[in-house]
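Numbering of the sequence shown is given in this note's numbering, commencing with residue 5 and proceeding in unit increments.
We treat Cβ as the ideally placed atom computed from N, Cα and C, and that holds for glycine.
I have placed the structure first, in the form of structure tokens, so that the comments after it can refer back to it.
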Amino acid sequence: MSEVSAPRAPVALGILLSGRGSNFMAIAEAIRAGRLQGCTIAVVLSNVADAPGLLAAQELGLSTVTLVSKGTPRAEHDRNMVEALRRHGVDLVVLAGYMRVLTAEFLRAFPDRVLNIHPSLLPAFPGLHAQRQALEYGAAVAGCTVHFVDEAVDHGVIVLQRTVPVEPMDTEETLADRILNVEHLAYPEAIARVLSGGYAVRGRRYLPAEPLAS
Ligand code: GAR
């Protein structure tokens, strides 16, 4: 069993996003509402110059960085991101709709310090179009997973999962909306859980470091 210490408060989050940014906004709102005590958003970084999430961050007066990934070799792009995140003093990297796989070098720069949210109940339906995959498979239950990021896609240790039903008349859009609603609750809750103190990882299981009182 490996013990992993939580980052110490105050914790500076570095948000990585590629698009809409609704999960980022949910985290920002959780901080504003005092549900993520001791947390600040140090920087919002996007690999897409016109990502709506980046604009939303600017409107909130947060520091933003754009590092366009298209046309930049992956290793160089990720090195630039590490440099920007370090410059902003980031303790915990939060992927919020960041649609690129991170290099091993990036992950070594933030060991046990990168979280992701994925719109399926992993290990089911990793990769792109998770909601479409769930519908096409005929799953009766769908949901989201917050997990630590490792070198495999949508694979790291799971911090928290939340479920939603799949309804007979669902389209990819209606199912994605239902999942997104629980993502917005799950991500702040998972971050709070990670920051709440020590935890241990046994095999793939994420466990509180202190035994739970019986
Ligand atoms: C969310 O549904 C998130 O789970 C998904 O992208 C969407 C981003 O929405 N992420 C992945 O599929 C990562 N594999 P947002 O930009 O509104 O937060």
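Taken in chain order, the unbroken stretches of alpha helix (DSSP H) that lie wholly in the region 93–155 and span 4 residues or more are 108–113, 134–141.
Counted as a single uninterrupted DSSP element, the beta strand (DSSP E) harbouring Gln165 occupies residues 162–169. Counting C-beta atoms within 10 angstroms of its own C-beta, Ala37 has fewer than 16 neighbours from the protein chains shown and is therefore classed as exposed. Residue environment analysis places Ser200 among the exposed positions, since fewer than 16 neighbouring C-beta atoms fall within 10 angstroms of its C-beta.
Shortest Cα-Cα distance from Leu164 to any of Val170, Leu139, Tyr191 involves Tyr191. The beta carbons of Gly25 and Ala100 sit closer together than 9 Å. Leu132 has its Cβ nearer than 8 Å to a heavy atom of the ligand GAR. Between the alpha carbons of Phe129 and Ser50 lies a gap of roughly 25 Å. For His122, the shortest separation between its Cβ and any heavy atom of the ligand GAR lies below 8 Å. Our two residues, Met103 and Met85, have alpha carbons roughly 14 Å apart in a direct line. Leu119 has its Cβ no nearer than 8 Å to any heavy atom of the ligand GAR.
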